[in-house]
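Participant:
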Amino acid sequence: MQVRVRFAPSPTGYLHVGGARTALFNWLYARKTGGKFILRIEDTDLERSTAQAVETILDGLRWLGLDWDEGPFYQTANLELHRQKAEEMVASGHAYRCFCSKELLEERRKAFEARKLPYKYEGTCRGLSSQEVVARLAAGHPYVIRFAVPRDEGAVSWTDLVYGEQSKQHVDIEDFVMVRADSSPLYILSNAVDDALQGVTHVIRGQDGIPNTPKQILIYKALGYKVPEFAHLPLILDPSRAKLSKRLHGDVVMVKFYQERGFLPDALANFLLLLGWSPGDDREFFSREEMIEAFSFEGINRSNSIFNFRKGDERNFTDPKAIWMNAEYISKMPLDRLLPFVIAEFKQKGLWRSEYESERSEWFAKTIDLLRARYRTLSDFTSLGRPYFEDDFDYEPASVSKNLKDTSLVTLLPGLADKLEKLQDFSAEAVEAVLRTYASQCGVKAGLLINAARTALTGQSVGPGMFDVFATIGQRRSVERLRRAVRLVVGQSA
RNA sequence: GGCGCAUUGGUGUAGUCGGUUAACACGCAGCCCUCUCAAGGCUGAGAUCACGGGUUCGAGUCCCGUAUGCGCUACCA
933 MQVRVRFAPS
943 PTGYLHVGGA
953 RTALFNWLYA
963 RKTGGKFILR
973 IEDTDLERST
983 AQAVETILDG
993 LRWLGLDWDE
1003 GPFYQTANLE
1013 LHRQKAEEMV
1023 ASGHAYRCFC
1033 SKELLEERRK
1043 AFEARKLPYK
1053 YEGTCRGLSS
1063 QEVVARLAAG
1073 HPYVIRFAVP
1083 RDEGAVSWTD
1093 LVYGEQSKQH
1103 VDIEDFVMVR
1113 ADSSPLYILS
1123 NAVDDALQGV
1133 THVIRGQDGI
1143 PNTPKQILIY
1153 KALGYKVPEF
1163 AHLPLILDPS
1173 RAKLSKRLHG
1183 DVVMVKFYQE
1193 RGFLPDALAN
1203 FLLLLGWSPG
1213 DDREFFSREE
1223 MIEAFSFEGI
1233 NRSNSIFNFR
1243 KGDERNFTDP
1253 KAIWMNAEYI
1263 SKMPLDRLLP
1273 FVIAEFKQKG
1283 LWRSEYESER
1293 SEWFAKTIDL
1303 LRARYRTLSD
1313 FTSLGRPYFE
1323 DDFDYEPASV
1333 SKNLKDTSLV
1343 TLLPGLADKL
1353 EKLQDFSAEA
1363 VEAVLRTYAS
1373 QCGVKAGLLI
1383 NAARTALTGQ
1393 SVGPGMFDVF
1403 ATIGQRRSVE
1413 RLRRAVRLVV
1423 GQSA
């Protein structure tokens, strides 16, 4: 039997990390088993769903490389069918019409809650005779359709692929509503019917779906459908152990945020993979192929994991391990696979030049290769990396005060510039030789010139080996920048 | 209140059939390297395995209870 799994987001907001992980796990299982990954948009919530929200979700999935085989299907397309299924259950005695008004039930619930008693619908309309039902129908009384949960000592049980044996007593399950008074079906119904009709064999969803499972199993059985397997995933919580939400946490929980902040989709997927799942050994880096190969339900953890980010910490603008993972990908992945992402980043920031794909393409690639070891996001290439590509860049005050405070640099810098200007071969080795010779001639430590040059050429106090920086930035620009930096020394000492 | 799920260092996780000093990664601190930073190498701090009972020669690992957290408890999805 072919495996069929689905990701069924409701398009209320954006694709968030929890949803993305659920989608990833579904996708992995489909790919591992040669099954199908179905995408279904659960848009039954009237106002809250917008076409734009759907597009954002699709975008996020595409970006993460989670391609679906069928869909997107829209739940609203099947509403009438869902209603019919409920009618079938009424006809077969598995469900009944309930004429109790919402207001009345609300009142009762409140009364019970006030006394801290558990409230479950008492089944008032369950015992209505067919004549009574017909009479009320004829009188035009509004009604909802409720499932008639067996009233016996039995229980609904299933073996969750993650949580193991699960069981819920019939007495603990309320006669839940499946169809509203306006005849629109509820999620609990639509979701189960769609899963059945779309041939879903494995329901892989968040742990918050556990309480729904027994009800849905009841529906499957009442309708004569085969009950699928269930695999519930632990939740992803914030550092105070609250559920992640856009309202509470803002952009950090959204996939789009990572897209914009310069994450590699593979890195995010890899990080998400490890949130709640482990291969059982020490491996942490997984290519898509390796993920597919290694993935299994047994490796899924049962406890909720925490997305470890702190608000207002710019260096750790999200979970430090996610950033670390991204940095690892940036510096370790094959350069030719990284380049397209970097190029996209340059284009997006308006720093792309056509020469980078013609006469300067080799230089561009080498420069990116030089820089990537210490960058953590793609955005770093255009922000921190700016001095390597553009002539106008900022001098970091801390760098200036640290490296350009020695007033003798006022003459040393232009002196070095003069020497370098005469070089025939502006290679890292040649520059190093010149600089070190010049330093000893002047009786200063090479480090003084090296560090000063770093600030002069990049405005920063950190970066690759300085002689590589010289070579990368080039003779003309290097000489210019050394001379230009003199005013900063003066400014500093004044 | 009810029902359910969970509980290993700050975070993510490992810990197979119960058996010596609880492992790995991130983060943090220090050292080495070095022209800086990152990387890399090394070292370190940080966990009475939520708590209390029990079973056992022996429990993070099995059983019971408690606490805490989370989820669900809607004519939301």
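In this text, residue positions in the first sequence follow my numbering: the first is 933, and each later residue adds one.
Beta carbons: idealized from backbone N, C-alpha and C, even for Gly.
Keep in mind it's a predicted model, so treat the numbers as computed, not measured.
Please list the terminal residues of the continuous alpha helix (DSSP H) segment that includes P1197.
Facilitator: Where P1197 is concerned, the enclosing alpha helix (DSSP H) stretches over 1197 to 1205.
Participant: Check I1275 in the structure and name its three-state DSSP category.
Facilitator: Three-state DSSP puts I1275 in a helix.
Participant: Thinking C-alpha only, which one of Q1101, D975, K1188, E1221 is nearest T965?
Facilitator: For the residues Q1101, D975, K1188, E1221, the minimum Cα distance to T965 belongs to E1221.
Participant: Flag this pair as yes or no: are the beta carbons of T1387 and A1417 separated by less than 8 Å?
Facilitator: Yes, they are a contact pair.
Participant: How long is the line joining the alpha carbons of Q1373 and N1240, rounded to whole angstroms?
Facilitator: Going from the Cα of Q1373 to the Cα of N1240 covers about 53 Å.
Participant: Determine, using beta-carbon pairs with one atom in the stretch 1060 to 1073 and one in the stretch 1110 to 1123, whether at least three such pairs fall under 8 Å.
Facilitator: Cβ pair count under 8 Å is below three, so no.
Participant: Grab the span of the alpha helix (DSSP H) containing W1209 for me, first residue to last.
Facilitator: Per DSSP, W1209 belongs to no alpha helix (DSSP H) and is neither H nor E.
Participant: Are the CB atoms of L1336 and A1384 within a distance shorter than 8 Å?
Facilitator: Yes. Within cutoff.
Participant: Beta-carbon within less than 6 Å of G1194's beta-carbon, same chain only, minus the 5 sequence neighbours each way: which residues are those?
Facilitator: Contacts found: T1309, L1310, S1311.
Participant: According to the neighbour-count rule (16 or more other Cβ atoms, all chains shown, within 10 Å of its Cβ), is K1377 buried or exposed?
Facilitator: Per the 10 Å Cβ criterion, exposed.
Participant: Any heavy atom of the ligand FMN closer than 7 Å to the beta-carbon of A1276?
Facilitator: For the ligand FMN, the structure offers nothing, since it holds no ligand at all.
Participant: DSSP on E1161, reduced to helix/strand/coil?
Facilitator: Residue state, collapsed to three classes: strand.
Participant: Three-state secondary structure (DSSP) at P1319?
Facilitator: In the structure shown, P1319 sits in a helix (DSSP, three-state: H, G or I).
Participant: Evaluate the contact criterion for the stretch 1130 to 1137 versus the stretch 1154 to 1164: three or more CB pairs, one atom per stretch, below 8 Å.
Facilitator: Short answer: they touch.
Participant: How long is the line joining the alpha carbons of P1117 and S1177, rounded to whole angstroms?
Facilitator: Distance between the alpha carbons of P1117 and S1177 is about 26 Å.
Participant: What residue range is occupied by the uninterrupted beta strand (DSSP E) comprising G1096?
Facilitator: Unbroken beta strand (DSSP E) run through G1096: 1096 to 1101.
Participant: When burial is assigned at 16 or more other CB atoms within 10 Å of the CB, is G1029 buried or exposed?
Facilitator: Reading the sequence as shown, one finds Arg at residue 1029 and not Gly. Buried, because 16 or more other Cβ atoms sit within 10 Å of the Cβ of R1029.
Participant: Buried or exposed for V1411, going by 16 or more other Cβ atoms inside 10 Å?
Facilitator: V1411 comes out buried.
Participant: Nearest to Y1006 by CA position, among S1293, V1125, F1278, A1018, is which residue?
Facilitator: Among S1293, V1125, F1278, A1018, the Cα nearest to that of Y1006 belongs to V1125.
Participant: Ordered along the chain, which non-local residues of its own chain (more than five positions away) have a Cβ less than 6 Å from that of G997?
Facilitator: Counting only Cβ-Cβ distances below 6 Å, and skipping sequence neighbours, we find P1197.
Participant: Under 8 Å by Cβ, that's how I've got Y1119 and T976 pegged, so tell me the actual separation to the nearest angstrom.
Facilitator: That pair is a contact at about 6 Å.
Participant: What number of angstroms, rounded off, separates the C-alpha of Y1190 from the C-alpha of F1217?
Facilitator: Using only the alpha carbons, I get a separation of about 19 Å.
Participant: Just reading off the alpha helix (DSSP H) that P1329 is part of, what are its end residues?
Facilitator: Where P1329 is concerned, the enclosing alpha helix (DSSP H) stretches over 1329 to 1335.
Participant: Taking N1010 as the reference, give the member of R1047, L1121, V1022, Y946 with the closest Cα.
Facilitator: Of R1047, L1121, V1022, Y946, the residue nearest in Cα terms is L1121.
Participant: So, for G950: in the same chain, excluding its five sequence neighbours on each side, which residues have a beta-carbon less than 8 Å away from its beta-carbon?
Facilitator: The residues are G1138, L1167, I1168, L1176, V1185.
Participant: If you compare alpha carbons, which of K1042, A1276, H1181, N1123 is closest to G1244?
Facilitator: Of the listed residues, the one whose Cα sits closest to G1244 is H1181.
Participant: In angstroms with no decimal places, state the Cα-to-Cα distance between T1339 and G1395.
Facilitator: Taking the straight line from one Cα to the other gives about 23 Å.
Participant: Under 8 Å Cβ to Cβ from S1115, same chain only, skipping five residues before and after it: list those, please.
Facilitator: Taken in chain order, the residues that qualify are R1015.
Participant: Could you give the uninterrupted runs of the beta strand (DSSP E) lying entirely in the stretch 1055 to 1089, keeping only those of 3 residues or more?
Facilitator: Segments of the beta strand (DSSP E) lying fully in the stretch 1055 to 1089: 1076 to 1079.
Participant: Between the alpha carbons of Y946 and F969, how many angstroms are there, rounded?
Facilitator: Going by the C-alpha atoms only, they are around 20 Å apart.
Participant: According to the neighbour-count rule (16 or more other Cβ atoms, all chains shown, within 10 Å of its Cβ), is N1233 buried or exposed?
Facilitator: Classification for N1233: exposed.
Participant: Let me know the secondary structure DSSP gives H1014 once reduced to three states.
Facilitator: Reduced to three states, the DSSP call for H1014 is helix.
Participant: Provide the residue span of the alpha helix (DSSP H) that contains M1223, from first to last.
Facilitator: Where M1223 is concerned, the enclosing alpha helix (DSSP H) stretches over 1220 to 1226.
Participant: Per DSSP, what kind of secondary structure is E1002 in: helix, strand or coil?
Facilitator: E1002: strand per DSSP, three-state reduction.
Participant: Output needed for V1366: all residues of its chain with C-beta closer than 7 Å, excluding positions within five of it in sequence on either side, in chain order.
Facilitator: Closer than 7 Å at the Cβ level, and outside the excluded window around V1366, lie K1351, L1352, L1355.
Participant: For the beta strand (DSSP E) that L971 lies in, which residues bound it at each end?
Facilitator: 968 to 973 is the span of the beta strand (DSSP E), which, as asked, contains L971.
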